[in-house]
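Chains as they are written, first to last, in the numbering used here: chain A, 19 to 240; chain B, 2 to 224.
Below is one structure, written out as structure tokens; the observations come after it.
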């Protein structure tokens with residue numbers, strides 16, 4: 019019988035071969051909406067080093083991603099907007115030269131992740147053509163418009179926050195907390211999900227992330 | 002006596018140009034206020050790049066929902082007919098040319114439509130968000146300038162941008178506190194300007210040559 023449910027947060031991150039020093043980790047969320055705060059705390063406890071974190075923002079306050087950064091677990095951030103108000107921990111690390119940063123336009127970041135999950139190694143986009151963010155990248159003209167080649171992002175692990183899930187790993191999300199979560203769930207070797215509620219079965223008509231993309235889920239409450 | 006438009010006056014003027022039924026993305030800050038001046042009888046569908054169509058106004062105090070925010074991470078509401086979607090779909094709407102108008106702020110705009118609105122010199126980490134995607138993908142890109150010139154008096158409209166670019170030849174129109182300026186293949190064409198301002202005075206505040214539409218309208222702040 020398929021059962022992707024784990025009893026608690028310690029269990030869901032235990033014996034996960036893809037969680038290792040130097041791993042690339044996709045972290046869902048936009049601002050404070052849909053961030054897998056519980057899973058971020060659970061992997062911080064593992065004391066990993068030199069992680070590459072792919073996330074729209076770079077954490078705020080002293081919780082979740084910011085705590086992982088403060089604990090010295092992260093060597094590199096890939097994000098579109100690390101400068102949100104309250105993004106103090108990241109800014110201190112950046113100013114001290116203790117963290118690498120790759121800035122990616124938000125839509126290009128989303129599509130690189132989607133492409134990674136869909137088995138597409140690269141794609142062309144007009145976004146950022148002629149700007150500093152396209153420097154060094156291959157360009158090509160299609161139908162008299164210039165495009166930049168962007169590579170897909172694949173990760174070792176994705177950390178996802180969802181609203182409801184079932185034992186097959188089918189997921190739904192809450193309003194704009196959906197954001198990067200469904201595409202990140204597709205693009206990692208191991209996808210770990212925290213859900214507010216585990217239900218017997220998610221209605222197949224409203225499933226947003228089909229269980230094929232999910233490896234482990236844990237209930238964390240509302 | 003020159004009567005520069007207030008921020009609300011600029012927002013009202015922008016809203017006038019958005020047609021009924023348009024899908025519109027409003028940038029963080031001043032562009033967001035355009036939503037407060039939708040003319041009677043028109044319905045715009047506001048797109049928020051974090052996965053929301055049909056964005057409504059801020060909720061009443063105490064009714065905020067942390068799961069329902071806009072691209073500026075502020076609490077918002079959803080209107081009837083709205084929908085939620087993930088980030089790749091949201092930017093497919095942008096990149097795929099489904100958004101009619103993107104309205105943004107700017108540091109500098111060039112006469113050929115180049116836009117600089119994402120990076121200033123300094124030690125802070127760079128942050129781009131969705132600006133480069135919006136200017137590359139939306140059908141129309143309009144810029145709002147709260148002031149026609151920078152604090153030091155230097156023009157924001159230039160022959161060439163000096164700051165890092167967000168996109169090349171992407172801006173279609175600029176709305177400032179002094180004028181509405183169309184960016185055409187022939188350069189900057191003034192279609193509206195405030196009362197009490199002469200053509201020479203506007204040109205003196207602009208870093209690229211202006212031409213003036215024959216039916217150039219005089220703007221009055223009605224807010």
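By construction, the Cβ of each residue, glycine as well, lies at the ideal position given by its N, Cα and C atoms.
Straight-line gap, residue i to residue j (C-alpha atoms, nearest Å)
| i | j | result |
| --- | --- | --- |
| residue 79 of chain B | residue 26 of chain B | 15 Å |
| residue 129 of chain B | residue 20 of chain A | 42 Å |
| residue 151 of chain A | residue 141 of chain B | 22 Å |
| residue 69 of chain A | residue 96 of chain A | 11 Å |
| residue 92 of chain B | residue 126 of chain B | 24 Å |
| residue 232 of chain A | residue 210 of chain A | 7 Å |
| residue 99 of chain A | residue 66 of chain B | 22 Å |
| residue 162 of chain B | residue 112 of chain B | 9 Å |
| residue 90 of chain A | residue 67 of chain A | 7 Å |
| residue 82 of chain B | residue 56 of chain B | 10 Å |
| residue 189 of chain A | residue 237 of chain A | 12 Å |
| residue 159 of chain A | residue 165 of chain A | 6 Å |
| residue 181 of chain A | residue 191 of chain A | 5 Å |
| residue 186 of chain A | residue 143 of chain A | 35 Å |
| residue 230 of chain A | residue 173 of chain B | 44 Å |
| residue 207 of chain B | residue 150 of chain B | 8 Å |
| residue 42 of chain B | residue 173 of chain A | 49 Å |
| residue 74 of chain A | residue 102 of chain A | 10 Å |
| residue 182 of chain B | residue 189 of chain B | 6 Å |
| residue 25 of chain A | residue 205 of chain A | 24 Å |
| residue 59 of chain A | residue 203 of chain A | 19 Å |
| residue 111 of chain A | residue 117 of chain A | 6 Å |
| residue 118 of chain B | residue 104 of chain B | 12 Å |
| residue 161 of chain A | residue 131 of chain B | 24 Å |
| residue 146 of chain B | residue 153 of chain B | 15 Å |
| residue 187 of chain B | residue 49 of chain B | 33 Å |
Residue from the options with nearest C-alpha to residue i
| i | options | result |
| --- | --- | --- |
| residue 21 of chain B | B:39, B:150, B:6 and B:32 | B:39 |
| residue 193 of chain A | B:86, B:101, B:82 and B:215 | B:86 |
| residue 43 of chain A | A:25, A:62, A:28 and A:26 | A:62 |
| residue 171 of chain B | B:33, B:136 and B:70 | B:136 |
| residue 160 of chain B | B:120, B:204 and B:123 | B:204 |
| residue 106 of chain A | A:174, A:240, A:82 and A:26 | A:82 |
| residue 97 of chain B | A:120, A:236, A:117 and A:125 | A:125 |
| residue 216 of chain B | B:193, B:224, B:101 and B:37 | B:193 |
| residue 211 of chain B | B:62, B:115, B:191 and B:195 | B:191 |
| residue 29 of chain A | A:64, A:158 and A:94 | A:64 |
| residue 240 of chain A | A:25, A:212 and A:24 | A:212 |
| residue 94 of chain B | A:117, A:146, A:109 and A:128 | A:128 |
| residue 134 of chain B | A:122, A:206 and A:55 | A:122 |
| residue 50 of chain A | A:216, A:199, A:225 and A:203 | A:199 |
| residue 46 of chain A | A:76, A:37, A:222 and A:149 | A:76 |
| residue 219 of chain B | B:196, B:213, B:53 and B:11 | B:196 |
| residue 76 of chain B | B:124, B:108 and B:60 | B:60 |
Contact set between residue i and chain A, taken where Cβ atoms lie within less than 8 Å
| i | result |
| --- | --- |
| residue 96 of chain B | 125, 129, 143, 144 and 145 |
| residue 125 of chain B | 101 and 109 |
| residue 50 of chain B | 124 and 125 |
| residue 137 of chain B | 143, 144, 145, 146 and 147 |
Beta-carbon contacts of residue i that lie in its chain and below 7 Å, excluding the five residues immediately before and after
| i | result |
| --- | --- |
| residue 170 of chain A | 130, 133, 134, 138, 139 and 140 |
| residue 29 of chain B | 72 and 73 |
| residue 99 of chain B | 24 |
| residue 45 of chain B | 19, 23, 25 and 39 |
| residue 225 of chain B | This structure leaves residue 225 of chain B out entirely; chain B is present only between 2 and 224. |
Sequence-distant residues of the same chain with beta carbon closer than 6 Å to residue i, five excluded per side
| i | result |
| --- | --- |
| residue 197 of chain A | 48 and 52 |
| residue 201 of chain B | none |
| residue 114 of chain B | 170, 171, 172 and 184 |
Partner residues on chain B for residue i, Cβ-Cβ distance less than 8 Å
| i | result |
| --- | --- |
| residue 148 of chain A | 166, 168 and 169 |
| residue 113 of chain A | 124 |
| residue 98 of chain A | 128, 129, 130 and 131 |
| residue 132 of chain A | 89 |
| residue 151 of chain A | 129 and 133 |
Cross-chain neighbours of residue i in chain B, by beta carbon under 9 Å
| i | result |
| --- | --- |
| residue 222 of chain A | What residue 222 of chain A touches in chain B: nothing, since even the nearest Cβ is about 18 Å away. |
| residue 250 of chain A | Beyond the ends of chain A as shown, which are 19 and 240, falls residue 250 of chain A; an answer cannot be given. |
Partners in chain A for residue i, counting only beta-carbon separations shorter than 7 Å
| i | result |
| --- | --- |
| residue 70 of chain B | 49, 51 and 194 |
| residue 67 of chain B | 50 and 51 |
| residue 53 of chain B | 194 |
| residue 152 of chain B | Chain A residues near residue 152 of chain B: none, gap ~21 Å exceeds 7 Å. |
Contact list for residue i against chain B, beta-carbon separation under 7 Å
| i | result |
| --- | --- |
| residue 200 of chain A | 87 |
| residue 87 of chain A | Result: empty, since nearest Cβ-Cβ is about 13 Å, beyond 7 Å. |
| residue 189 of chain A | By Cβ distance, chain B contributes nothing, its closest Cβ being about 11 Å from residue 189 of chain A, past 7 Å. |
Same chain only: Cβ atoms within 8 Å of residue i, ignoring 5 sequence neighbours per side
| i | result |
| --- | --- |
| residue 7 of chain B | 178, 222 and 224 |
| residue 121 of chain B | 108 and 164 |
Residue i at chain E interface by Cβ criterion, 8 Å
| i | result |
| --- | --- |
| residue 235 of chain A | Of the protein chains in this structure, namely A and B, none is chain E. |
Partner residues on chain A for residue i, Cβ-Cβ distance less than 9 Å
| i | result |
| --- | --- |
| residue 45 of chain B | Ordered by position in chain A, no residue passes the 9 Å Cβ test against residue 45 of chain B, which lies about 19 Å from the chain. |
- Message: Just to confirm the assignment: which complete beta strand (DSSP E) runs, minimum length 3, are found wholly within the segment 138-224 of chain A?
- Response: If one requires a minimum length of 3 residues, the beta strand (DSSP E) runs lying completely within the segment 138-224 of chain A are 140-143, 157-160, 163-169, 173-183 and 206-216, in chain order.
- For the segment 68-135 of chain A, which segments carrying the alpha helix (DSSP H) assignment without a break, of at least 4 residues, lie completely within its bounds, in sequence order? 83-88 and 106-113
- Message: I'd like the ranges of any beta strand (DSSP E) spanning at least 3 consecutive residues and lying wholly in the segment 49-93 of chain B.
- Response: 53-57 and 78-85
- Message: Ignoring anything shorter than 3 residues, give me the beta strand (DSSP E) runs that lie fully in the segment 10-42 of chain B, in order along the chain.
- Response: 24-27
- Task: Pick out the complete alpha helix (DSSP H) segments inside the segment 125-183 of chain B, 4 residues or longer, and give them in chain order.
- Result: 132-138
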